[in-house]
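Participant:
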Amino acid sequence: MHRFSHRHVASVFVLAVTLMAALASAQPASAPADAAVIAVVPFRNVSGQSVDAWIGGGIAETMSVDLRKRGFRVIEQTAVNRAIEARGAPPTDGGMHTILLEACRQLGADLLISGSYQRLGDAVRVTVRLVGVRSGEVLDHGQVDGVAPELFELQDRVVRSVVERLADVGDPTAEVALGRKLGSGPPEDVAPMASGWGPAAVTGAIGLPLDEVDDQVTRPGPVQFAEGGSAVAGRPSTTALRTAEPPTIDGRLDDPVWRDVVPITQFVQTSPTEGGPATEDTEVWLAYDSDNLYVAFYAHYNDPGIMRANRAERDQTQGDDQMSIMVDPFLDQQRAYLFSVNGFGVPGDAIVNASGGRGRSRSSVGRTSGGSTTGSSSSSRSSGGSSSVGFGIRGDSSWDALFEARGGLVEDGWTAEMAIPFKSVRYPVRSDGQPHQWGFQISRNIRHKSESLVWSPVSRNIAGQLTQMGMLDGMTDLSTSRNLELLPTFTGLQVGSLDVQSSSFDESDPLGEVGVGVKYGVTSNLTLDFTYNPDFSQIESDRPQVEVNQRFALFYSEQRPFFLEGQEIFRSATPTNLVHTRTIVDPRYGGKLTGKIGRTTVGVFVADDEAPGRLDDVSAPSFGRTAQSFIGRLRYDLYGDSYVGAIATAREFGDDYNRVGGVDGRFRLGRTHAVSFLAVGSEHRDSTEGDLSGPVIEADFTRQARNLSYAVSHSRIDPNFRTMTGFVPRVDTQRTDANVQYRWWPEGTIINWGPSFTYLRNHSHDGVLEDEHFRGNVNFEFARNVRFDAGFSRDLERFGGIDFRKTGASFSGLISTRVFSVTASANQGDGVFFGDNPFLGRSVDGTISLYFRPTSRLRTELRTIFSRFVNPADDTEIFNVKIYRWRATYQVTDRLMFRHILEHNTLSGTLGNNVLMTYRVNAGTVAFLGYDDRYRQGDLIADAFFPTAGFERTNRVFFTKIAYLFRY
């Protein structure tokens, strides 16, 4: 594409302005005596590129000349500039401050026209605001996009639109008429409705068309990691208004500050139609002071009946319509903080990694293959690309920040407000007056339409989310006070258990325990956490899994808050999991230091675990002793979504020890490709295996794009490698994975569909082929939240010296509505029985989940997990296990919630009944009252004592827990 020289554009532009001014002065149009007096100020250069500084003055001069030519009374540009400079401010519009308005009032202006512009390569965006001088309110606003070679035509469109709007006003000298005709800010008095309160900010919009320009010009590329991480190239930018009068966070948009802020209204789709216009109007306002970032949302609906909003506990609104902001304070594109809210003001928060997800950037698929009961169980999608970016920003919601959110339904949608304390996030230190530049994104989900909207455009042809964020610019003098949080806890419980020998149920005396948690902000970007005697009684039990006939250990995710926060720092970009804190069972104390120093991310974790010393043999040398765990992590950020790092882990228990150390890294290559690697070694000693040592080496290459995606990886795990702080269920592997996926995007009834293929080959270090896996898959995503996936696989799995060849098929699907949802998956085919005498049998397993939300306060889930295995030689059923799990929550108020879980396993003959009441004030202050009851089928406990097949109580716990957060 031909590119204009900045110098040539400037020369031509200045000449054109001079000629237009001469023509206008030669043939002036007569202005009515009562015409509005207009002041036009030079437009602000948001991009900050000095080579484009001339454009702002040029736009203002052209606007002045054209308005005067059409009969409007326009104050001379030089007079406007002198009046503003006399008050100690630059002539450009820096954000509607008082000095600007005072200068216009002195000049007798009725209306102020201001704005800003961004030049991103050849793409140019101009934003215009019409401001009533007397009230200071933004009466109308709009924006127009174009390209630099068509700059004159772009300016003409802006001027024409402004003139047309002004010409529509009957008496432009009266600000009341201006507000009535052009649309005023949020009304102060709105009649309340039955569902909540009336509509708040209703802001007009200048009719500036968003022209469809060539994709290569208008679609910004990924953020470029500039020197020091201080600049963004090729992405949109916005500012927040500094306020001395913070809003009241009640979900009503009637605070004075919102009338002074120009709302963000331009959103585009990421799904179902990439880059398509939003089908519903959205308005977002931003403001801040030294302590908080304030956000206001107005989600409009043409048909409010499609709205999905439920009252739920924090972080449990994934099925609702939501609005979110995402901030990357360091602008390093490594991780971001996500804050969300639904129509009832239910808050959610998460940590998002560079790919826009919750965990490590896994590069290969089928990691569980070679140990499943069916050959088709490896049904994960190709890692090269996701099936849809519609709702792709899903972070790790285990992170809980202290922030405030409120919301409510209005006539045409819902409104919400947030106050996010800067203490709740980590951000770089800036000197007084030096502006912050944060990566920034706003998103909205409309579930009924499968529609996802963003402020900063997201392309499926660019891997990741953080590299496609815009920028929040200009915040200054943020609080540098160090955050100190104290969280004392008190837990009282009474425990009962069945004495099998006596058939009696024994109950202990009530017990009480005290614990404490401390969080201290060493700096604004470095945090120290410490906990003593933590209690996790309220944590929901592990989601059930079929445990019979498993060749390798099952993975159970971490759910305890202390271990979850900051866990993304310790992860690597490859699949091997070196940090799995579930290995720390019952910590007496724990501490961690996490944060960032310059471009270096730091993580240090220590814990003292009492569980290993709880032995039945009191004479054992390790009885009563504790295990010490250490994890250290350094990661140096090179550029966006790229780093090199080091990791070290250690665990000691008596004379036993395990130590792991090495390096890893990830390098983003262009928009779609990436390379990752891991190289670590271990030293291990225990009384069973003696002294062992061995390495792990992994590398992968991936491409993630709109249509074609693929990944290739290779890993070698030595037979003598061991980790006691991670989760590596299988060693002695030399494994190569490859997958390829192609997607078409009709973006109609079918949003996207396409096939994927996966191939895996694994040898032992002796050169024996242990596993070979091939899978073909096809996936469809339909409009209105419907998905379907089907696959076919052929596998070889070697076990007990025998090669088993397996064939399998699988399917999965999802249908979701506002009230009812169904998800189902099933695998059927050949499977290996992993016993002393292994054989190839027939297997079918799967999961069916039903979700029912009859009211906004009640949500229920019934999940059935099943697995059946048959010996084909004589049609003997080896096992047939079913697990039923019922979960219901009722949100009585914003703070009070009841939860009930009922679970039955037919194979083990167990029944669990759990009831929990939660009263949550914020992320730290909370009270729990719980009851947990466990039963088991009598003849499965001990036939001699319980010959009946009825249920016998085996365990029971009553507990209460109170935690109160003190924040300084």
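Just so we're aligned: the sequence shown equals residues 1 to 968 in full-length UniProt numbering.
From the three backbone atoms N, C-alpha and C, an ideal C-beta is built for every residue, glycine too.
Model, not experiment: these values are computed from the prediction.
#1: Would you mind sorting N342 into buried or exposed? The rule is 16 or more other CB atoms within 10 Å of its CB.
#2: How far does the beta strand (DSSP E) with A963 in it extend, from its first residue to its last?
#3: Quick check on DSSP: helix, strand or coil for R362?
#4: If you reduce the DSSP assignment to three classes, tell me which class F152 lands in.
#5: Output yes or no for whether 8 Å exceeds the beta carbon distance between residue 997 and D586.
#6: Specify the secondary structure class of P246 as computed by DSSP and reduced to three states.
#7: Give the secondary structure of Q333 by DSSP, where H, G and I count as helix, E and B as strand, and everything else as coil.
#8: Which of the three DSSP states, helix, strand or coil, is assigned to N880?
#9: Quick check on the burial criterion: 16 or more other C-beta atoms within 10 angstroms. Buried or exposed for Y968?
#10: By how many angstroms is the C-alpha of S271 removed from the C-alpha of Q441?
#11: Can the beta-carbon of T723 be found closer than 8 Å to that of I631?
#12: If you draw a straight line from the C-alpha of S504 to the C-alpha of Q937, how long is it?
#13: How would you label S64, buried or exposed, when you count the other beta carbons within 10 angstroms and need 16 or more for buried?
#14: Provide the residue(s) that pair with T860 in DSSP beta bridges, ordered along the chain.
#15: In whole angstroms, what separates the C-alpha of R625 from that of F959?
#16: Please classify V159: does DSSP put it in a helix, a strand, or coil?
#17: Determine the DSSP secondary structure at Q318, reduced to helix, strand or coil.
#18: With distances taken from CA atoms, which of V346, A336 and G924 is nearest Q322?
#19: Using a Cβ-Cβ cut-off of 6 Å (strictly less than) and excluding sequence neighbours within five positions of A888, which residues of its own chain qualify?
#20: Measuring alpha carbon to alpha carbon, tell me which of I75, Q118 and T62 ends up nearest F152.
#21: In chain order, what residues of the same chain have a beta carbon less than 6 Å from the beta carbon of R863, not counting five sequence neighbours either side?
#22: Ordered along the chain, which non-local residues of its own chain (more than five positions away) have a Cβ less than 7 Å from that of I351?
#23: Exposed or buried, Q545, counting other C-beta atoms within 10 Å across all chains shown (16 or more means buried)?
#24: Does the distance from the CB of S450 to the CB of I750 come in under 8 Å?
#25: I think D641 touches R599, with their Cβ atoms under 8 Å apart; what is that distance to the nearest whole Å?
#26: With which residues is R722 paired in a DSSP beta bridge?
#27: Whole angstroms is fine: what's the gap from S456's alpha carbon to L107's?
#28: Could you give the DSSP three-state label for G433: helix, strand or coil?
#29: I'd like to check one pair, K423 with N525: are the Cβ atoms closer than 8 Å?
#30: What number of angstroms, rounded off, separates the C-alpha of G590 from the C-alpha of F43?
#31: Can you list the beta strand (DSSP E) stretches of 3 or more residues lying completely in the stretch 783 to 823, in chain order?
#32: Given Y556, which residues of its chain have a CB within under 7 Å of its CB, disregarding the five upstream and five downstream residues?
#33: Given this structure, state the Cα-to-Cα distance separating L101 from G146, to the nearest angstrom.
#34: Please look up how many angstroms separate the CB atoms of Y935 and E952, rounded, as I've assumed it's under 8 Å.
#35: Would you mind reading off the limits of the alpha helix (DSSP H) that contains R82?
#36: Distance check for T531 and F552, CA to CA, integer angstroms please.
Facilitator: In terms of the structure at hand:
#1: buried
#2: F951 to A963
#3: With a pLDDT of 38 at R362, under the threshold of 50, the modelled position of that residue is not reliable, and no figure is offered here.
#4: helix
#5: What is shown of the chain runs 1 to 968, which leaves residue 997 out entirely.
#6: In the displayed model, P246 falls within coil according to three-state DSSP, outside both helix and strand.
#7: It is coil, neither helix nor strand.
#8: strand
#9: exposed
#10: 16 Å
#11: no
#12: 16 Å
#13: buried
#14: DSSP lists F852 and A888 as partners of T860.
#15: 27 Å
#16: helix
#17: DSSP, read as helix, strand or coil, puts Q318 in coil.
#18: V346
#19: T860 and H900
#20: T62
#21: If we look at R863 and ignore the five residues flanking it on each side, its Cβ neighbours are S849 and R885.
#22: R335, Y337, G395, D396, W399 and E568
#23: exposed
#24: no
#25: D641 to R599, Cβ: 13 Å. No contact.
#26: R722 pairs with nothing; no bridge assigned.
#27: 38 Å
#28: coil
#29: no
#30: 54 Å
#31: Counting only runs of 3 or more residues that sit fully inside the stretch 783 to 823, the beta strand (DSSP E) segments are 786 to 799 and 802 to 816, in chain order.
#32: D542 and R582
#33: 30 Å
#34: 6 Å
#35: Q77 to E85
#36: 33 Å
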